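S.K.:
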Amino acid sequence: MANTKVQLPAYKGGLSQRQLLHILNYIQEHLDRDIKLADLSNQLGISQFHFIDLFKQSVGTTPYQYLLQQRIERAKQLLKEGDRSIIDIALLCGFNSHSHLSKQFRQLTGITPKQYRIDRLGKL
Numbered sequence: 239m240a241n242t243k244v245q246l247p248a249y250k251g252g253l254s255q256r257q258l259l260h261i262l263n264y265i266q267e268h269l270d271r272d273i274k275l276a277d278l279s280n281q282l283g284i285s286q287f288h289f290i291d292l293f294k295q296s297v298g299t300t301p302y303q304y305l306l307q308q309r310i311e312r313a314k315q316l317l318k319e320g321d322r323s324i325i326d327i328a329l330l331c332g333f334n335s336h337s338h339l340s341k342q343f344r345q346l347t348g349i350t351p352k353q354y355r356i357d358r359l360g361k362l
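Quick note: to get our numbering, add 238 to the position in the sequence shown (first position is 1).
Below you can see the structure in the form of structure tokens.
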């Protein structure tokens, strides 16, 4: 999954393209880990407050929201494969439990991971 190609958003200002690409790749490569704001800001050697501001200018959302969206997208990919348990998928996507994944997944998609899997596998 680390081979996921990162597409840069079309927003102006904020982080340089090089910085943004570095951060987006870092997030993709470490989705299964507990990524802290300090981890991201330290990658660029800037304060957390300044990082949040620059990231939001560059991407249009906060680092936390972006990270959450990426984790949910990764979970969707794994759910479509159909061969892993939802708890395994939760852990592979950086969630600390099945219920944490389910809560965040439902907030962003309107359905549970289980229902998403059933819907997608039924359409194959």
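Backbone N, C-alpha and C define an ideal beta-carbon position, used for all residues, glycine too.
Treat the numbers as computed from the prediction; the structure is a model and nothing was measured.
Sort Pro301, Ser296, Gly283 and Gln295 by Cα distance to glutamine 266 and report the nearest one.
M.R.: If you number the sequence shown from 1, residue 266 lands on position 28. Residue Pro301 is the option with its Cα nearest to glutamine 266.
S.K.: Would serine 296 pass as a contact of leucine 258 if the rule is Cβ separation under 7 Å?
M.R.: In the sequence shown, the residue the question calls residue 296 occupies position 58. In the sequence shown, the residue the question calls residue 258 occupies position 20. In this structure, leucine 258 lies closer than 7 Å to serine 296 by Cβ.
S.K.: Could you check the C-alpha separation between aspartate 270 and cysteine 331 for me, to the nearest Å?
M.R.: Start at 1 with the first residue of the sequence shown, and residue 270 comes out as number 32. Start at 1 with the first residue of the sequence shown, and residue 331 comes out as number 93. Between aspartate 270 and cysteine 331, the C-alpha separation is close to 5 Å.
S.K.: What are the uninterrupted segments assigned as beta strand (DSSP E) that are 3 or more residues long and contained completely in the region 279 to 336, given in chain order?
M.R.: Within the region 279 to 336, no complete beta strand (DSSP E) run reaches 3 residues.
S.K.: Identify the continuous alpha helix (DSSP H) that holds lysine 352 and give its terminal residues.
M.R.: Here residue 352 corresponds to residue number 114 of the sequence shown, with the count starting at 1. Taken as a continuous stretch (DSSP letters only), the alpha helix (DSSP H) holding lysine 352 covers 351 to 360.
S.K.: Starting from arginine 271, trace the alpha helix (DSSP H) both ways and give me its first and last residue.
M.R.: Here residue 271 refers to the residue found at position 33 when the sequence shown is read from its first residue. Where arginine 271 is concerned, there is no enclosing alpha helix (DSSP H), given that its DSSP letter is neither H nor E.
S.K.: Give me the residue from Leu282, His288, Gln281 and Ile349 with the minimum Cα distance to alanine 313.
M.R.: Position 75 of the sequence shown holds residue 313. Ranking Leu282, His288, Gln281 and Ile349 by Cα distance to alanine 313 puts Ile349 first.
S.K.: Can you list, in chain order, the residues of its chain whose CB lies under 7 Å from that of leucine 305, leaving out five sequence neighbours each side?
M.R.: In the sequence shown, the residue the question calls residue 305 occupies position 67. Answer for leucine 305: Ile265 and Ile273, listed in chain order.
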